[in-house]
Each structure stands twice: as C-alpha cells, then as structure tokens.
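The structure appears right after this line, and notes come after that.
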Amino acid sequence: MTITDVEAIELRLPEIDASRCDGTQDTLVIRVRTDEGFVGLGEADSVPAIVKACIEAPPSHAIASGLRTLLLGENPLDIERLWNKMYSATIYVGGGPMMHAMSGVDLALWDILGQVTEQPVCRLLGGIYQDRVKAYASAIMPTSPKEAANLAEALAKRGYQAMKFGWGPIGQSVDNDQKSIQAIHSAVGNSIEIMIDAGGSWKRKEALRMIDLYEQYRVLWLEEPLAASDLEGYRWLSDRSHLLISAGERESGRRQFAKLMDEGQVDIVQPDLARCGGFTEGKKIADAVLDRHKRLVPHAFKTGILQMASTHFVAGISNGWMVEYTVSDSPLARDLVKSPLTFKDGYIQGYDSVRGLGITLNEDIVARYRVS
Ligand code: MG
Numbered sequence: 060m061t062i063t064d065v066e067a068i069e070l071r072l073p074e075i076d077a078s079r080c081d082g083t084q085d086t087l088v089i090r091v092r093t094d095e096g097f098v099g100l101g102e103a104d105s106v107p108a109i110v111k112a113c114i115e116a117p118p119s120h121a122i123a124s125g126l127r128t129l130l131l132g133e134n135p136l137d138i139e140r141l142w143n144k145m146y147s148a149t150i151y152v153g154g155g156p157m158m159h160a161m162s163g164v165d166l167a168l169w170d171i172l173g174q175v176t177e178q179p180v181c182r183l184l185g186g187i188y189q190d191r192v193k194a195y196a197s198a199i200m201p202t203s204p205k206e207a208a209n210l211a212e213a214l215a216k217r218g219y220q221a222m223k224f225g226w227g228p229i230g231q232s233v234d235n236d237q238k239s240i241q242a243i244h245s246a247v248g249n250s251i252e253i254m255i256d257a258g259g260s261w262k263r264k265e266a267l268r269m270i271d272l273y274e275q276y277r278v279l280w281l282e283e284p285l286a287a288s289d290l291e292g293y294r295w296l297s298d299r300s301h302l303l304i305s306a307g308e309r310e311s312g313r314r315q316f317a318k319l320m321d322e323g324q325v326d327i328v329q330p331d332l333a334r335c336g337g338f339t340e341g342k343k344i345a346d347a348v349l350d351r352h353k354r355l356v357p358h359a360f361k362t363g364i365l366q367m368a369s370t371h372f373v374a375g376i377s378n379g380w381m382v383e384y385t386v387s388d389s390p391l392a393r394d395l396v397k398s399p400l401t402f403k404d405g406y407i408q409g410y411d412s413v414r415g416l417g418i419t420l421n422e423d424i425v426a427r428y429r430v431s
C-alpha cells in the first residue's frame, strides 16, 4: 500500500474573535489517501495557514522540506519510520509549526493502521486499559462570576463530574478571580471536580497567593499559572504548593516534556496530540511521565478529530487519567465529525468497537467552512 495524497484542509468560521484564546474557531484537517482506498484523518492545532505551508511546501534540500513530498509513495503503515523521516528532513525548519504538521499526519497514519487491521487505535497504542474514559468539560471562563456559576450548573446537569474554566478574565483581577471560584464552588459544591487554567497569567508570588485561594475551594489542579518559559518558576511554585500544577499544552517533542518534569517539576503534563508529535511521540511522552511518577492528561481544544484521538490515547496508555472535552458551541467543535462514541454520566465509551479513530468527516461542514 502506498500514500497517494496528503491534503491540508483549512477550515475557519466566517467571523472569528482572535483576541479570545479559543482554538475551536478554525482548524487544519489532514487527510491522507492511499492506493487501496483507506483514508486517514488528523488535525493540527496551530495557525492553519502556516501548517498548511509546512505540508505543501516543495523540498528545498535534504534537511529542509515540506512534508507532502516526503510521504507520497511511502507505505502508510511504516508509521515510526515515517515520523523519523519527517523529523530528519525538516531539521532546519523543525519544531513549532512543522511538528504541529507532523502531528496531524501521524494521527492520520494511525487512523489508517487501525482501519487496515480492523482495530481501534487505542488497542494498537497499547491495549484497552479503560472501558470508558472520564471526560472533563473544558470552558473559557465567563466574564462575570454569575455567568460562571450558571455555566457550572448547566455542565453538571449535562452529567460532567469534572470541569475546567480557563483564560477569559482570569489573571486580570484578584477580586474577580476570587468571586468566580466562589460562585462556581457554591453552584456545584464538592461533588464536582473543578480545575482552573490561568493561561500563564501570573508571576511567581501572585501565583502562590492564588494557589492558597484555590486550595480553599478544593480545586483539583491549577493549569499554567506561570509563563511556559519560566521552568525555574514552576519548580519554585511546585516546592511550595500542595495543589497539583499542570502545564505542557504548548510543547512539542518528548525532550521538552522531560524538561517540564525534570526542571519545572510539574505534577501533570498535558501534551496536545495535534501539536506534540501525534500518537507516536505521545506514547514516548507517556512513558517518560510513567518513569517519573507524574500524571498525564492530554490537552484537546479543537474539533472532534482531536477529541477522538485524545480519547483513544487516554484509553490506550497505562497512565491515561481523563480527557479534555471542549464545550465550545462552534460547529467545528460540535459537528465536523460523525462518530459512534457516546457520552454518559461524565464518561466517553464505545471506542473499543471502532476501526481506526472511528470518525468520518461531515462533508457539509467541510464545504461550508473551507477557506483553502
Ligand atoms: Mg490550558
């Protein structure tokens, strides 16, 4: 079997608010076609137009190339060899967007492997460790405490047992941050796990003060309290905090995650499969996490493609904990893919009986939002 095409499909809502940290307003879908009719799907969480160029650019020379020409004519089942080929042939332009592009391709190749072997990706990754995966609701923090309380209540009614609120107004006013967590906590009580994502808002001592506050409300973890580059700060904070600290959604490649754990001492690492290097690199990151006795919860705030990939990943590694489930009402997040998976009582199930990722593209949504 050989790869006959690698398509980079850019989707974008007609009106986007680029000031919001909301990755569900656009995406780059990767579709890999083969001569035997198998079609794999992946996506990259990045700037779609940049990643599209990483896929489509013609080669410049041996270690500076776009990905498409490297993949045409190759056997799609040679997944790790192809990962290494892409990595080696892009050294001059690697990291960042190129690794995001490789991630999307890698997800699509695993999807093909699952279809060819008639197995779900989670089984191929390592076996089905969990029959159902806990999904936590992930939302942008509303502007006012009242709206935050209403949203928390609505999510609890939909069955979520854990929920995370992030970005938005967090970090702009201590008073508002305090009132928001208070309002959320009084809306859903202690029965629901609450997480806060600060999006790198604070400096070290500010973050420590916020940790004291969040501990009172039994927050399960605090995500990205500091700038991602402040590894020394993460270690400083971790030494002083009982609250679990998470980070890693911006990183690519296993070495960055090792640094995050060894130098930053974060408790929970959050590789995004559409950025970190796909399943192939994600598995190596999961092993590194296991060796260090830390926790792993993949970051996922995009479309149903990444949602399903993350679900397979959590189910198919020995240390998968929960999966992030964006509650964005963007049609790209809600309707881009069709899948037989079901959500019930805060858990996702049904992935054990699919082939590959178990998703098909909704071509109406593609036609409506495709821009290139
Ligand atoms: Mg985050």
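Just so you know, the sequence shown maps onto residues 60 to 431 in this note's numbering.
Backbone N, C-alpha and C fix where the C-beta goes; we use that ideal spot for every residue, glycine too.
Exercise. Is the beta carbon of residue 322 less than 7 Å from the beta carbon of residue 290?
Worked result: Numbered from 1 along the sequence shown, position 263 holds the residue referred to as residue 322. Numbered from 1 along the sequence shown, position 231 holds the residue referred to as residue 290. Against a cut-off of 7 Å, the Cβ pair of residue 290 and residue 322 comes out as a contact.
For this session: Within the same chain, show all residues whose beta-carbon is closer than 6 Å to that of residue 274, passing over the 5 residues directly before and after it, in chain order.
Result: By 1-based counting over the sequence shown, the position of residue 274 is 215. Cβ-Cβ distances below 6 Å link residue 274 to 302 in the same chain, with the five nearest sequence neighbours on each side left out; the list follows chain order.
Exercise. Between residue 205 and the rest of its own chain, which residues show a CB-CB distance below 7 Å, the 5 nearest in sequence each way excluded?
Worked result: Position 146 of the sequence shown, counted from the start, is the residue given in the question as residue 205. So the list reads 242, once near-sequence residues are dropped.
Problem set entry | DSSP bridge partner residues for residue 197 (one or two, in chain order) | Locating residue 197 in the sequence shown gives position 138, where the first residue counts as 1. Beta-bridge pairing by DSSP links residue 197 to 223 and 385.
For this session: Starting from residue 305, follow the beta strand (DSSP E) in both directions and report where the run begins and ends.
Result: The sequence position of residue 305 within the sequence shown is 246, counting from 1. From DSSP, the beta strand (DSSP E) with residue 305 extends over 303 to 306.
Exercise. Can residue 361 and residue 104 be called in contact, C-beta distance under 7 Å?
Worked result: Counted from its first residue, the sequence shown places residue 361 at position 302. Counted from its first residue, the sequence shown places residue 104 at position 45. Yes; because the gap between Cβ atoms is below 7 Å, this pair is in contact.
Problem set entry | Where residue 402 sits in the DSSP three-state scheme | In the sequence shown, counting from the first residue as 1, residue 402 sits at position 343. Here DSSP, grouped into helix, strand and coil, assigns residue 402 to strand.
Exercise. In or out: residue 397 buried (at least 16 other Cβ within 10 Å) or exposed?
Worked result: Your numbering for residue 397 matches position 338 in the sequence shown. Exposed is the call here.
For this session: Please classify residue 71: does DSSP put it in a helix, a strand, or coil?
Result: If you number the sequence shown from 1, residue 71 lands on position 12. Looking at residue 71 - three-state DSSP - the assignment turns out to be strand.
Exercise. Can you tell me where the alpha helix (DSSP H) with residue 337 in it begins and where it stops?
Worked result: The residue you call residue 337 lines up with position 278 of the sequence shown. That run of the alpha helix (DSSP H) goes 337 to 350.
Problem set entry | Cβ-Cβ separation, residue 184 to residue 332 (assumed contact under 8 Å), whole Å | On the sequence shown, residue 332 is found 273 positions in, with the first residue counted as 1. On the sequence shown, residue 184 is found 125 positions in, with the first residue counted as 1. With 8 Å as the limit, residue 332 and residue 184 do not qualify as a contact, their Cβ atoms being about 11 Å apart.
For this session: Could you name the residues of the same chain whose beta carbon sits closer than 7 Å to that of residue 134, not counting the 5 residues immediately before and after it, in chain order?
Result: Along the sequence shown, read from residue 1 onward, the residue named residue 134 stands at position 75. The answer, listed in chain order, is 60 and 61.
Exercise. Under 7 Å between the Cβ atoms of residue 107 and residue 87?
Worked result: Looking up residue 107 in the sequence shown gives position 48. Looking up residue 87 in the sequence shown gives position 28. The answer is yes: Cβ separation under 7 Å.
Exercise. Residue 170: which of 152, 226 and 96 sits nearest, CA to CA?
Worked result: The residue labelled residue 170 in the question sits at position 111 within the sequence shown. Selected option, being the one with the closest Cα: 96.
Problem set entry | residue 65 - partner residues in DSSP beta bridges | The sequence position of residue 65 within the sequence shown is 6, counting from 1. According to DSSP, which records beta bridges pairwise, residue 65 is partnered with 91.
Problem set entry | Whole-angstrom distance between residue 214 and residue 162, CA atom to CA atom | The count along the sequence shown starts at 1 and reaches residue 162 at position 103. The count along the sequence shown starts at 1 and reaches residue 214 at position 155. Note on geometry: alpha-carbon atoms of residue 162 and residue 214 lie some 31 Å from one another.
Exercise. Which two residues bound the contiguous beta strand (DSSP E) that contains residue 282?
Worked result: As a first step, residue 282 must be located in the sequence shown, where it is residue number 223. 280 to 282 is the span of the beta strand (DSSP E), which, as asked, contains residue 282.
Problem set entry | Reference residue 259, options 252, 250, 281 and 110, closest by Cα | Numbered from its first residue, the sequence shown carries residue 259 at position 200. The candidate whose alpha carbon is nearest that of residue 259 is 281.
Problem set entry | Nearest candidate by alpha-carbon position, reference residue 156, set 203, 337, 391 and 227 | Working through the sequence shown from its first residue, we reach residue 156 at position 97. Considering only alpha carbons, the answer is 337.
Exercise. Alpha carbon to alpha carbon, how far is residue 188 from residue 407?
Worked result: The residue labelled residue 188 in the question sits at position 129 within the sequence shown. The residue labelled residue 407 in the question sits at position 348 within the sequence shown. One C-alpha to the other measures close to 14 Å.
Problem set entry | Any non-hydrogen atom of ligand 1 within 6 Å of residue 256 CB | Along the sequence shown, read from residue 1 onward, the residue named residue 256 stands at position 197. Yes, Cβ of residue 256 sits closer than 6 Å to a heavy atom of ligand 1.
Exercise. Could you check where the alpha helix (DSSP H) with residue 183 kicks off and where it finishes?
Worked result: Position 124 of the sequence shown holds residue 183. It spans 180 to 184 - the alpha helix (DSSP H) in which residue 183 sits, taken as one unbroken run.
Exercise. For residue 291, does the three-state DSSP call read helix, strand or coil?
Worked result: The residue labelled residue 291 in the question sits at position 232 within the sequence shown. Residue 291 falls in the helix class under three-state DSSP.
Exercise. With DSSP run on the structure shown, which of helix, strand or coil describes residue 274?
Worked result: For the purposes of this step, residue 274 is identified with residue 215 of the sequence shown, where counting begins at 1. Shown here, residue 274 sits in a helix according to DSSP, grouped into three states.
Problem set entry | residue 130, enclosing alpha helix (DSSP H) - first and last residue | Mapped onto the sequence shown, residue 130 falls at position 71. Note, residue 130: alpha helix (DSSP H), 127 to 130.
Exercise. Using CA coordinates, which residue listed in 311, 240 and 304 is at the minimum distance from residue 330?
Worked result: Here the question's residue 330 lines up with position 271 in the sequence shown. Between residue 330 and the set 311, 240 and 304, the nearest pair of CA atoms involves 311.
Exercise. Taking 6 Å as the line, does the beta carbon of residue 139 fall inside it for any heavy atom of ligand 1?
Worked result: Indexing the sequence shown from 1 puts residue 139 at position 80. Result no, Cβ not under 6 Å from ligand 1.
Exercise. If you draw a straight line from the alpha carbon of residue 387 to that of residue 198, how long is it in whole angstroms?
Worked result: As a first step, residue 387 is located in the sequence shown; it is residue number 328 there, counting from the start. As a first step, residue 198 is located in the sequence shown; it is residue number 139 there, counting from the start. If you draw a straight line from the Cα of residue 387 to the Cα of residue 198, it comes to about 7 Å.
Exercise. Closer than 6 Å: is that where the CB of residue 308 sits relative to any heavy atom of ligand 1?
Worked result: Counted from its first residue, the sequence shown places residue 308 at position 249. Because some heavy atom of ligand 1 lies under 6 Å away, the Cβ of residue 308 counts as near it: yes.
For this session: Have a look at 286, 382, 248 and 237 and flag the residue whose alpha-carbon is nearest the alpha-carbon of residue 270.
Result: Taking the first residue of the sequence shown as 1, we reach residue 270 at position 211. From the listed residues 286, 382, 248 and 237, the smallest Cα separation to residue 270 is found for 237.
Problem set entry | CA-to-CA distance, residue 357 to residue 192, given in whole angstroms | Counted from its first residue, the sequence shown places residue 192 at position 133. Counted from its first residue, the sequence shown places residue 357 at position 298. Each residue's Cα considered, the two are about 12 Å apart.
Exercise. Do you know how far the Cα of residue 211 is from the Cα of residue 218?
Worked result: To locate residue 218, count along the sequence shown from 1; it is residue 159. To locate residue 211, count along the sequence shown from 1; it is residue 152. Cα-Cα distance, rounded: 11 Å.
For this session: Determine, using beta carbons only, whether residue 151 and residue 122 come nearer to each other than 7 Å.
Result: Here residue 151 is taken as the residue at index 92 of the sequence shown, counted from 1. Here residue 122 is taken as the residue at index 63 of the sequence shown, counted from 1. Yes.
Exercise. Residues in its own chain within less than 7 Å of residue 202 by CB, not counting five upstream and five downstream?
Worked result: Reading the sequence shown from its first residue, position 143 is the one you call residue 202. Cβ neighbours of residue 202 beyond the five flanking positions: 227 and 228.
Exercise. Beta-carbon separation of residue 343 and residue 313 under 7 Å?
Worked result: As a position in the sequence shown, residue 343 is number 284, starting the count at 1. As a position in the sequence shown, residue 313 is number 254, starting the count at 1. In contact: residue 343 and residue 313 (Cβ atoms closer than 7 Å).
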